[in-house]
Structures are given as structure tokens and as C-alpha cells.
Amino acid sequence: MVASFWIASILLAIATINHNNNGIVQADILYAGIVYGTGNNTPAIDEALTVCHKYGIRRIRIMETDDLAIQSLRSMEIEATLGIKDEDLPGLASSYEAAKSWFETNLQPYVPSEFVVNYIVVGNKVIPGPNATYVLPAVKNLQQVLADNSLTQIKVATAVSSTDVLGAVFPPSSAAFSETAQGDLIPLLQHLEETNSPIFIDVYPYHYFAAGLIRQDFATFSTHKPQHWDKTLGYWNMYDVLVDAFIWAMEKLDLDVKMVIGETGWPAHGNGGLTTPELARTYNQNFLRHITAGHGTPKRPYTYREGFIYSMFNENDKPEGDDQSFGIFYNNKEPVYHLYFPYPKKYRRMGKSEKLFNTTG
């Protein structure tokens, strides 16, 4: 192991908690976070949250929420996005009472007094698929439970893979949702727009690079001029192509749903020279800069977008090879490479200071 590694972690926004006139705890917007996944070889969630706190990572997406996760979040000052297991969707979709039971068990005793929940993600990449029909009724039931408990600031969403639900993405303006996804995805998007709720999308330029479809610099935000053009819009990176393709696919249906980048990342090992710690660091660091700089995309310039890097640790329940090597920390909790989470630019203008964390290993 390298003798000395450091992660420079800049807090994304003020870590203070505010109260509105109704006594509801709210947090200042933080734009980037990290995904805690499902491998059975990873440190437990309580240890993971301690690592987040050590390195100043103030947002976490927990893919599968359980009692240990809930208890560990208490008083940690880390904002959470909570995932609901795919196998739990039929029950939550079946009735309001089932959703109420989930809420009473997992959230009611602790939110908003003890920790902040930004989003509940109902299922992960189940559209298209056999559980897709359960997503919308489960979302509606949970939204109603939250509304009945004056917690509408917690938004309910689901996560989809851009490659699973989109057809061709070049040029982005030609993008449309696939026939296999449309039946369940379109009604869901309509409802999310009506309730001002987001859709989480997975965006992985790495997969296009590994398949030989794009150049490395285009995949890693490293070009010096636009590489692809869509009429008058020049594209400097594949991330923008995928985000704008999703926006255009929605626009064709007269929809405009807020998007959160639910996952993105780059493996550090597992596929030869395409997967090195330096390439992984380059992509992830440039992604963080991109979403916090406020540049937006060619179709939606001057916008900030929330996002989560996948993943916190390497996960052994994924297929062998590069899929098991997306972690920015080794499973001994030491960093794989140095990385910093910058303030959004608008906070930097307010004079927020950068906080540097160091570690040795």
C-alpha cells in the first residue's frame, strides 16, 4: 500500500441545520455525496458513516436501509438518501398501511429531530423489469404517509439506468425512451413532475469507453474542445451527452422532471489499462467539479445538479472484474486515491472556507 494517501474533502455547504416556522429540521443544500452499496465484505454502515465524518463527506446514499443504518445515522450530521429493497416493493405498493408501517418502523422516531433525510429511493433500476409495476403505487403510498406526517420536504423517487431506459444517445436530441421502459416509466415521470419529485439516473461514461465507443478524454471530462455536435450544441464530455439525452427524451413527452445523478463512477482495477487509480481519480474529481461549478450541460447550462459517486467501497456481490472495483476506499477504510468534494460555486462566492482532511496508511 502506498505509504501516504490523503483525501482532501471540502464540505459542500454549511453543515448547520436550520428550523423553519413549523419546527421541521432542514439542511442547507449539499450537492455531492457517496453511495454505500450492498457488498457483504464491506465495513458495516456505522463504520462507513464514521469514515464519511472523518473525511467531510456530508451526504450518503444507502442502497438498502435497515435498522443499523437508521440507528447509525442518528446525530451524525450526515444527510441521507435511503434506499428501499426491490423485494419490498410489492408490499409497499399494496396499501397505504404497508407504507405507514415502514415509515413508523424506520423514520418516525428519528426524523426530523435526529437526522436529515433528503430522498427515499423506491427500488433501484427495476424499470424495465418484473417489479416495475410496483414502483408508482409504492411511491404514491410513501408520499401520502410523509404528507400526513408533515414531512413533504422528504422527496420520494426511484432510480433508473440511463442505458436501460434510453435507446440511442447520439445525437442527444434523438434520444427516446425504450419501448420496454415506456409503459412503467412514463406514468411515473408524469407523477414525479406533478409532485415536484426527482428521478435518480445512473450515468456511466466508463461503460461507453470500455466498449470502445468513445475516447478516454471524452469519457473523463478531459477534452480541450467539443468532440461531438448536436446542431449548435457542442459536447465536451460523455456525461453531458447522457444527461441531455434523458432531458430530450422527457421533452418529447412534454415532461421536465428534476434529475439527480444516483450513481456515477470509474473502477480503479479490473480491466487492464482502462481501469487505474489515476483514471478513476481523474473521472470522479472532474465529475465533482463539473456538477458543483454550475456550468450545467449544453442543453441546460448554468445549472447545479446533485450527484453521488459510486461507490464508497469495493463490493464483492458484483460480477468479478471491474464491477468489483469502483470503491474510492479500500475495505480497510483507507483511500484508494486522493479526492476532494468541492463546495458548489455559489457557496464559494459566499466565502466558505475549504476544509482539508489528511490520513496516512
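Per mature numbering (1 follows the signal peptide of the UniProt record, and there is no 0), the sequence shown runs over residues -27 to -1, 1 to 334. Glycine included, C-beta positions come from ideal geometry on N, C-alpha and C. It should be emphasised that the depicted structure is a prediction, and the values quoted were computed from it without experimental measurement.
query	result
How many angstroms separate the CA atom of V216 from the CA atom of M223?	11 angstroms
Check F143 in the structure and name its three-state DSSP category.	coil
Return the first residue and the last residue of the beta strand (DSSP E) that H268 is part of.	It is not in any beta strand (DSSP E) - H268 carries neither H nor E in the DSSP assignment.
Can you tell me where the alpha helix (DSSP H) with H26 in it begins and where it stops?	18 to 28
To which residues of the same chain is T(-12) closer than 6 angstroms at the C-beta, ignoring the five residues directly before and after it?	In this predicted model, T(-12) has a pLDDT of only 30, less than 50, meaning its place in the structure is not dependable; the value taken from the coordinates is given anyway. If we look at T(-12) and ignore the five residues flanking it on each side, it has no Cβ neighbours.
Can you pull the DSSP bridge partners for I234?	I174, G280
Are there 16 or more other CB atoms within 10 angstroms of the CB of Y275, so buried, or fewer, so exposed?	exposed
What residue does the beta strand (DSSP E) around T54 start on, and which one ends it?	52 to 57
Does any residue of chain B have a CB that is nearer than 8 angstroms to the CB of I43?	As a matter of chain content, chain B is missing from the structure shown, which is built from one protein chain.
Quick one: which unbroken alpha helix (DSSP H) runs of 4-plus residues sit fully inside the stretch 50 to 100? Chain order, please.	62 to 67, 69 to 79
Look up I134 in the DSSP assignment and give the residues it is bridged to.	Reading off the sequence shown, one finds Ser at residue 134, where the question assumed Ile. Note: S134 sits in a beta bridge opposite D175.
Going by beta-carbon coordinates alone, are I35 and V95 separated by less than 8 angstroms?	no
For a minimum of 3 consecutive residues, which ranges assigned as the beta strand (DSSP E) are wholly contained in the stretch 186 to 254?	201 to 203, 206 to 208, 232 to 237
Which residues in the same chain have their Cβ closer than 6 angstroms to the Cβ of P178, if we skip the five residues on either side of it in sequence?	A192, M211, Y212
Helix, strand or coil for R32, going by three-state DSSP, please let me know.	strand
Span of the alpha helix (DSSP H) holding V108?	108 to 121
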